[in-house]
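Enquirer:
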């Protein structure tokens with residue numbers, strides 16, 4: 049058990065970019081991840097591919113935990129612009145767990161494939177756009193949005209889409 053009086057601050061995993069760098073993980077950033085970080089800081093669309101990837105490929109791969117890091121604002125060295133996260137054509141590996149979080153910018157993921165579930169239970173955000181995305185499950189009970197939720201133009205969940213108890217400030 050950590051000493052509460054300790055001068056070293058304890059923080060949850062994924063709140064600093066160092067949690068994802070080579071020194072900590074032994075893994076290099078994928079090209080799509082590098083592109084995502086640069087676009088997120090500038091508030092630009094991160095165009096990884098024009099179509100939805102049918103399978104995982106190294107050039108289109110973004111780890112869900114790194115995507116979560118940037119969606120939640122990044123850190124001082126890798127900040128998120130006010131325009132939010134806008135990604136097209138990525139393969140997201142792992143479960144994207146944003147349950148219980150507050151997301152300040154819009155979340156726009158277009159033509160993306162998710163290997164695992166997207167978890168947005170009791171999450172607060174401006175808008176959610178998953179246009180043309182394929183994923184196993186969208187678990188968003190208690191989700192609160194100020195604006196729209198867009199699940200269209202080829203959106204597909206092979207399992208459930210759960211929106212029970214959600215409050216949507218715009219259109220679904």
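In the working numbering, the protein residues as written are 49 to 220. The beta carbon of each residue, even a glycine, is placed where N, CA and C say it ideally should be.
1) Counting along the chain, where does the beta strand (DSSP E) carrying residue 155 start and finish?
2) Can you tell me which of 142, 101, 173, 141 puts its alpha carbon nearest to the alpha carbon of residue 154?
3) Is the region 151–167 touching the region 125–143, taking contact as three or more C-beta pairs under 8 Å?
4) From residue 72 to residue 99, what does the alpha carbon distance come to, in whole angstroms?
5) In the DSSP output, what is residue 162 paired with across the bridge?
6) Using only alpha-carbon positions, find the residue among 109, 136, 205, 215 that is nearest to residue 78.
7) How many Å lie between residue 54 and residue 208 at the Cα?
8) According to DSSP, simplified to helix, strand and coil, what is residue 96?
9) DSSP three-state label for residue 101, please.
10) Just mark residue 124 as buried or exposed, buried being the case when its beta carbon has 16 or more other beta carbons within 10 Å.
11) In the region 169–208, which residue ranges form an unbroken beta strand (DSSP E) of at least 3 residues, counting only runs that do not cross its ends?
12) Using the DSSP secondary-structure output, state which residues sit across from residue 135 in a beta bridge.
Expert: Answer, in terms of the structure:
1) 155–158
2) 173
3) yes
4) Note that residue 72 has pLDDT 49, beneath the 50 cutoff, so the model's placement of it is unreliable and the number below is only indicative. Distance between the alpha carbons of residue 72 and residue 99 is about 33 Å.
5) 140
6) 109
7) Low confidence applies here, because residue 54 scores a pLDDT of 48, under 50, leaving its location unreliable; read the following figure in that light. Near 45 Å, if we compare the C-alpha coordinates of residue 208 and residue 54.
8) coil
9) coil
10) exposed
11) none
12) 94, 157
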